[in-house]
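Contents: one structure, followed by commentary.
Protein chains: 2
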Amino acid sequence: MYKLTYLDSGVCSSEGFFADGVSAGLKANSALDMAFIYSDAPCDVASVFTTNKMAAAPIKHFKAKGDFQTNFVLINSKNANAMTGVAGVKDIDEIMQNFSDKLNPVMSSTGVIGVRLPKEKIIAGTKLFDITQKNPSNAARAIMTTDSFSKECAYKVELDDGSSFSIGAMAKGAGMINPAMATMLCFITTDADVPAHEMQKILDEATKTTFNAASVDGDTSTNDTVMVLANKKSGAYDKEAFADALYKIMLFLAREMVRDGEGATKLVTYNVTGAKDDKEAEIAAKALSDSLLVKTALYGEDPNWGRIASTIGASGVASDEMSLKISFDNVCVYDKGEVYFDAEMEKKAAIVMTHKKFTINCDLGIAKGSFKAYGCDLGYEYVKINADYRT
Amino acid sequence: MYKLTYLDSGVCSSEGFFADGVSAGLKANSALDMAFIYSDAPCDVASVFTTNKMAAAPIKHFKAKGDFQTNFVLINSKNANAMTGVAGVKDIDEIMQNFSDKLNPVMSSTGVIGVRLPKEKIIAGTKLFDITQKNPSNAARAIMTTDSFSKECAYKVELDDGSSFSIGAMAKGAGMINPAMATMLCFITTDADVPAHEMQKILDEATKTTFNAASVDGDTSTNDTVMVLANKKSGAYDKEAFADALYKIMLFLAREMVRDGEGATKLVTYNVTGAKDDKEAEIAAKALSDSLLVKTALYGEDPNWGRIASTIGASGVASDEMSLKISFDNVCVYDKGEVYFDAEMEKKAAIVMTHKKFTINCDLGIAKGSFKAYGCDLGYEYVKINADYRT
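Each protein sequence line maps, in turn, to chains A and B. If you count the first sequence from 1, you need to add 280 to reach the working numbering. If you count the second sequence from 1, you need to add 280 to reach the working numbering.
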């Protein structure tokens, strides 16, 4: 047994971690655009990166290191340092010369693709860093791009033997979020005494049902990064408690990212059950969260279950109109050939759709496979944000 | 050698074919909503249907027949007769009792999913049919749903020996168009003396690079149908000429459907070359035509080539930023690590994007695989049409 307590100190929740955000003039109006995370003790690192073949320079830079420890992460928004070739990686080396007192400093970037980093601005910005600061919410704001709010989450984990550790995190999301990883950055810090190899496995496992189950627009970015830094300073650890707390933090942040999807007004859980197996449930759930026709119906608050059935059928998983059941929360609209869709039921279903959060349950009625995916609606704001992003 | 001449008589271009559209009150304001195609001689049939597992009742009804000839097709818009179970198929049988004088009459439907056909209205509508009429453009208008214009195409094919045949077609598209077939109906008539088995093969082959290369929103409907009716009345046939004319007609209609995609303002050809093989080129080209971030950038007329590179990378095909080349028509914006994207080049690329039709060329620089996909932009109108579709 163990006890989780929510903390509001983000990536500075664990002993020995410091963070802050500064303005280096990358964003307009002196908005925060550069962040650091510093640990006063070396950290083991677990990480998950984009599957995109055009992975950005910071990811190539990180991967070139092999296994290593670090105590410093530098993050900039507004420029992704992607599609910048060998020069983009060299730019990072040059910037890192300013951190020769740090242990294997790591960089992470998010923003526009195909433009070289403004090195001078960034180096000037790093001069503003004060590594004795604990301003996690500044760091969380500095990594935002089209996010409309910053995203943080942290828990203190108390074990039965009286020992305790903490896990804290910040993330950015908004656009380009996709089941196969997302344009998202997430940095997680912990003082748990977690063995490095175990940490990577726990992170991989949690990613499948959290960040990889979240979709805003089905695109997968060049820069997706989830990184866990563990400085072991608490000396405390319990595998089950650590995995549970990490999962809860990642699920919360994944759902926050979808809720803050570009132009999104609703957070919808697609709960697919009764599939041939879990993999087929995942395929169907992600097809729903990615379907433009479903997303626009959500935006219009139209309980158009026909589009849901059609999307499941189009996904290619084992399914049949005579075994399928669809409910909006607990309002059943279609059950194995019976359409529960008179005016009264339509009204009830339409009311569910006005909620900020609800669940679309699809029981395929084939076998026992299940998966939950998280998606949002798509409205005019998404088009506005993405038609005008660079300008 | 052979000669193709464009005809403006749609599905009535071939000898012995008759067609018309009537208003049965399914659509508002007495708009045309039911169509027929009749042939005064029995027709062999070739067909391609949706891969959606929730295939609509008319498709189940058709497939239950096995191999057969027909001389009559009845089409209604406004109601898809999908997710209507056994009752939906029985409804078709009942309607077909009014066509007992016809040979294996076939039905096809498009519209809202999950609502039973208004049988009485449809049967009353069929009483208005006059099978001696040749009004192909009425038929083409009657099958429209959210289409903003009707789609027809026909060629006369003159062979070297002085014989000739014709092929004519009508189609509807607009929403839910997708590489793996589309909510599209397409009916093609011909008096060519084409052997039935050869006709199916030629249709399958042409479908891959025409309708299956066209995308509006990446969704695949329950009702997609392409049907070719051949009454052989000309006695003339040449395989190469027939295949070429059929391909040209299908490509024209596929591109017209994309051009008329819901809310679309641009028709974009994604010409992927240099891929590992043709299959990988197809994957990359379709990923581009389906990408929301690319589609919204098109709408914003923003030559944001970074999103194109990112989408190719995310598609999983063999690709590398150091071998990739991207051009908008003939304006190169990225070439193997070199960004040709100064203010002047950006202006030139932005001008290309203001055109109604243009090509985005992506040379992956890996091997010789190539594929062309057809897509459109996504703007406010798409959201408006789809958020409000049923209401």
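Cβ coordinates follow ideal geometry from the N, Cα and C atoms, glycine included. Source: prediction; values computed, not measured.
Tell me whether Ser417 (chain A) sits in a helix, a strand or coil according to DSSP, three-state version.
-> Secondary structure at Ser417 (chain A): helix, using DSSP grouped into helix, strand and coil.
Taking the C-alpha atoms as reference points, what is the distance between Ser757 (chain B) and Gly645 (chain A)?
-> Given that chain B is displayed from residue 281 to residue 671, the structure contains no residue 757 (chain B) and the question cannot be resolved.
Which stretch, first to last residue, makes up the beta strand (DSSP E) that contains Thr350 (chain A)?
-> Following the DSSP letters along the chain, one finds Thr350 (chain A) inside the beta strand (DSSP E) bounded by residues 350-356.
Provide the residue(s) that pair with Cys433 (chain A) in DSSP beta bridges, ordered along the chain.
-> A:Ala449
Are any of the Cβ atoms in chain B nearer than 8 Å to that of Lys333 (chain A)?
-> Yes, Lys333 (chain A) lies at the interface with chain B (some Cβ there is under 8 Å from its Cβ).
Which listed residue (B:Asp609, B:Met464, B:Ala311, B:Asp600) has its alpha carbon closest to that of Thr634 (chain B) = B:Asp609
Candidates A:Leu397, A:Ile339, A:Lys401, A:Met450, of which the one nearest Ile317 (chain A) by Cα = A:Met450
With a threshold of 16 other CB atoms inside 10 Å of the CB of Asn309 (chain B), please say whether the residue is buried or exposed.
-> By the 10 Å Cβ count, Asn309 (chain B) comes out exposed.
Taking the Cβ atom as the reference point for each residue, do Glu560 (chain B) and Val597 (chain B) lie within a distance shorter than 8 Å?
-> Their beta carbons are under 8 Å apart, which means Glu560 (chain B) touches Val597 (chain B) by this criterion.
Within 10 angstroms of its Cβ, does Glu432 (chain B) collect 16 or more other Cβ (buried), or is it exposed?
-> buried
8 Å contact criterion, which Gly655 (chain A) and Lys605 (chain A) should meet: CB distance rounded | About 20 Å separates the two Cβ atoms, so there is no contact after all.
Based on Cα-Cα distance, which residue from B:Lys616, B:Lys652, B:Glu581, B:Ser603 lies nearest to Lys628 (chain B)?
-> The closest CA to that of Lys628 (chain B), considering only B:Lys616, B:Lys652, B:Glu581, B:Ser603, is found on B:Glu581.
For the alpha helix (DSSP H) holding Lys575 (chain A), just list the boundary residues, first then last.
-> Note, Lys575 (chain A): alpha helix (DSSP H), 572-579.
So which residues on chain B does Glu560 (chain A) lean against when the C-beta distance must stay under 9 Å?
-> Those do not exist, as Glu560 (chain A) stays about 11 Å from chain B at its closest Cβ, beyond 9 Å.
Per-residue contacts from Leu658 (chain A) into chain B (C-beta, under 7 Å) | Val663
Using 8 Å as the limit for Cβ to Cβ distance, is Asp615 (chain B) near chain A?
-> no
Cβ distance (whole Å) where Gly296 (chain B) is taken to contact Asp320 (chain B) below 8 Å = 5 Å
Keeping to the same chain, check which residues put their C-beta closer than 7 Å to that of Ala460 (chain A); ignore five residues upstream and five downstream.
-> Residue placement at Ala460 (chain A) is poorly supported in this model, since its pLDDT is 36, which falls under 50; the coordinates still yield a value, given next. Thr331, Asn492, Thr500.
Between Ala630 (chain A) and Ala577 (chain A), what straight-line distance do the alpha-carbon atoms span, to the nearest angstrom?
-> 11 Å
Thinking C-beta only, is Asp324 (chain A) closer than 8 Å to Ala567 (chain A)?
-> no
Opposing strand residues paired with Ala510 (chain B) [DSSP bridges] | B:Asp324, B:Thr470
Relative to the C-alpha of Ala315 (chain A), which residue among A:Gly405, A:Ala523, A:Gln349 is closest?
-> A:Gly405
Using the C-alpha atoms, what's the distance from Leu658 (chain A) back to Leu572 (chain A)?
-> A direct Cα-Cα distance of roughly 7 Å separates Leu572 (chain A) from Leu658 (chain A).
Cutoff 8 Å: Met363 (chain A) Cβ touching any chain B Cβ = Nearest CB-CB separation between Met363 (chain A) and chain B: below the 8 Å threshold.
Can you tell me the Cα-Cα spacing of Ser380 (chain B) and Val386 (chain B), whole angstroms?
-> 12 Å
Among A:Phe467, A:Val508, A:Lys488, which has the Cα closest to the Cα of His477 (chain A)?
-> A:Val508
Proximity below 8 Å, CB of Asn359 (chain B) to CB of Val328 (chain B) = no
Three-state secondary structure (DSSP) of Leu483 (chain A) | Here Leu483 (chain A) sits in helix by DSSP.
C-alpha gap between Pro583 (chain B) and Arg535 (chain B), whole angstroms | Between the alpha carbons of Pro583 (chain B) and Arg535 (chain B) lies a gap of roughly 22 Å.
In the structure shown, what three-state DSSP assignment does Tyr527 (chain B) receive?
-> Helix, per DSSP.
Name the two residues that bound the continuous beta strand (DSSP E) containing Gly301 (chain A).
-> 297-302
Any C-beta of chain B sitting closer than 8 Å to the C-beta of Tyr620 (chain A)?
-> With 8 Å as the cut-off, Tyr620 (chain A) does not count as an interface residue toward chain B.
By the 10 Å Cβ neighbour count, where 16 or more other Cβ atoms means buried, how is Ala344 (chain B) classified, buried or exposed?
-> exposed
Assuming Asp471 (chain B) contacts Phe445 (chain B) (C-beta within less than 8 Å), just tell me the rounded distance between them.
-> The pair is a contact, with the Cβ atoms about 5 Å apart (cut-off 8 Å).
Can you pull the chain B residues whose beta carbon is under 8 Å from the beta carbon of Ser569 (chain A), in chain order?
-> Under the 8 Å cutoff, chain B gives no residues; its nearest Cβ is about 13 Å from Ser569 (chain A).
Could you tell me which residues DSSP pairs with Met387 (chain B) in its beta bridges?
-> B:Leu354
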